[in-house]
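*Asks:* Residue numbers (our numbering): 7 to 314. We treat Cβ as the ideally placed atom computed from N, Cα and C, and that holds for glycine. Remember, it's a predicted structure, so these values are computed and weren't measured experimentally.
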């Protein structure tokens, strides 16, 4: 595995920015996790819990990107939750020492919006990016709103060659597990390696036109394909979308174009990003999604990412 006060009134500007998020919570309420991955989440660390500064609608040290409002605590987590990764975030952002016997984490990078930690096992191609906000995981409805930070682009800017915490591996992958396939309940994006065979397979599918080039096409059967996993784990089916950059909110794209139109649950989804690498550099991004509603689908990113 790889992972570790309610405010009664909001300032008017924050209230306007977050009012759409409350609607999203209503949309996603009742989404349960039925993930099927036997290998639960993260070849990363079991890290520690933390508590956002008051007010909880802002990440530590920042008034810029708001955090989920108190109305979303049922799906996004409470500031008092006892989760190891949340303890780690609190240590990195506020100096709150994790409860014994949990060790202090190595805070590889700390910003107002996120922290970067080692995954487990600790290698030079296994890291975790976690929000400074209290966000349990992919099921949090705040993630599909316009007010949320772009954690995927942040992950790439760290993982890329020359980035803040670069993944030292020939090909890079970013991934998040479903609720049922993860071990810890503070959202974390894995920054890891991917097999050369995964990169080749994706470029073959790209050449064959076997992937969506517009988010509205993402769920189409024609854009679904099997990809062989690591360590002889076999093929899993993924919906594949190609994007030129990561400026859009990938959680919102997934919710709008795959989850809601097909009556699925965000809690059950896994999401993986693999940069398309060429001799001259990165030429776009392959965004893979899967869940167990697909024939041969999976709810975990662990089949494609390389941690050890």
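Please classify residue 164 as buried or exposed, where buried requires at least 16 other C-beta atoms within 10 Å of its C-beta.
*Replies:* Looking at its Cβ environment, which holds 16 or more other Cβ atoms inside 10 Å, residue 164 is buried.
*Asks:* So residue 175 and residue 131 are in contact, right, with Cβ under 8 Å, and what is the actual spacing, rounded?
*Replies:* 4 Å
*Asks:* So, at 8 Å on beta carbons, what are the nonlocal neighbours of residue 253 in its own chain, with the 5 sequence-adjacent residues on each side left out?
*Replies:* 156 and 159
*Asks:* Rounded to whole angstroms, what is the Cα-Cα separation between residue 314 and residue 238?
*Replies:* 15 Å
*Asks:* Going by DSSP, which residues form a beta bridge with residue 6?
*Replies:* Residue 6 falls outside the range modelled here, since the chain spans only 7 to 314, and no answer is possible.
*Asks:* Which residue spans inside the stretch 70-151 form an unbroken beta strand (DSSP E) run of at least 3?
*Replies:* Here the runs fully enclosed are 120-124 and 132-137.
*Asks:* Go ahead and pull the three-state DSSP assignment for residue 171.
*Replies:* coil
*Asks:* Using only alpha-carbon positions, find the residue among 173, 241 and 286 that is nearest to residue 304.
*Replies:* 241
*Asks:* Pull up the distance between the alpha-carbon of residue 108 and that of residue 91, whole angstroms please.
*Replies:* 10 Å
*Asks:* Mind checking which residues open and close the beta strand (DSSP E) that includes residue 231?
*Replies:* 230-234
*Asks:* How would you label residue 269, buried or exposed, when you count the other beta carbons within 10 angstroms and need 16 or more for buried?
*Replies:* Residue 269 is classed as exposed because its beta carbon has fewer than 16 other beta carbons within 10 Å across all chains shown.
*Asks:* So residue 245 and residue 261 are in contact, right, with Cβ under 8 Å, and what is the actual spacing, rounded?
*Replies:* 13 Å between Cβ atoms; not a contact.
*Asks:* Alpha carbon to alpha carbon, how far is residue 110 from residue 121?
*Replies:* 14 Å
*Asks:* Closest to residue 320 by C-alpha separation, out of 173, 161, 308 and 226, would be which residue?
*Replies:* Because the chain in this structure spans residues 7 to 314, residue 320 falls outside the shown range and cannot be described.
*Asks:* Whole angstroms is fine: what's the gap from residue 287's alpha carbon to residue 208's?
*Replies:* Between residue 287 and residue 208, the C-alpha separation is close to 16 Å.
*Asks:* Bridge partners for residue 244 per DSSP, in chain order?
*Replies:* 231
*Asks:* Quick check on residue 181: does DSSP put it in helix, strand or coil?
*Replies:* strand
*Asks:* For the alpha helix (DSSP H) that contains residue 257, what are its first and last residues?
*Replies:* 256-260
*Asks:* What are the start and end residues of the beta strand (DSSP E) that includes residue 203?
*Replies:* No beta strand (DSSP E) holds residue 203; the alpha helix (DSSP H) holding it covers 202-213.
*Asks:* Are the stretch 82-98 and the stretch 127-142 touching by the rule of at least three beta carbon pairs closer than 8 Å?
*Replies:* Segments in contact, yes.
*Asks:* Going by DSSP in three states, residue 187 sits in which element: helix, strand or coil?
*Replies:* helix
*Asks:* Are residue 82 and residue 190 touching if we call contact CB-CB under 9 Å?
*Replies:* no
*Asks:* Note down the Cα distance separating residue 235 from residue 309, rounded to an integer number of angstroms.
*Replies:* 5 Å
*Asks:* Name, in chain order, the residues that DSSP records as bridge partners for residue 292.
*Replies:* 248 and 280
*Asks:* Could you name the residues of the same chain whose beta carbon sits closer than 7 Å to that of residue 143, not counting the 5 residues immediately before and after it, in chain order?
*Replies:* 185, 188, 191 and 193
*Asks:* Grouping DSSP H, G and I as helix and E and B as strand, with all else coil, what is residue 222?
*Replies:* In this structure, residue 222 counts as helix in the three-state DSSP scheme.
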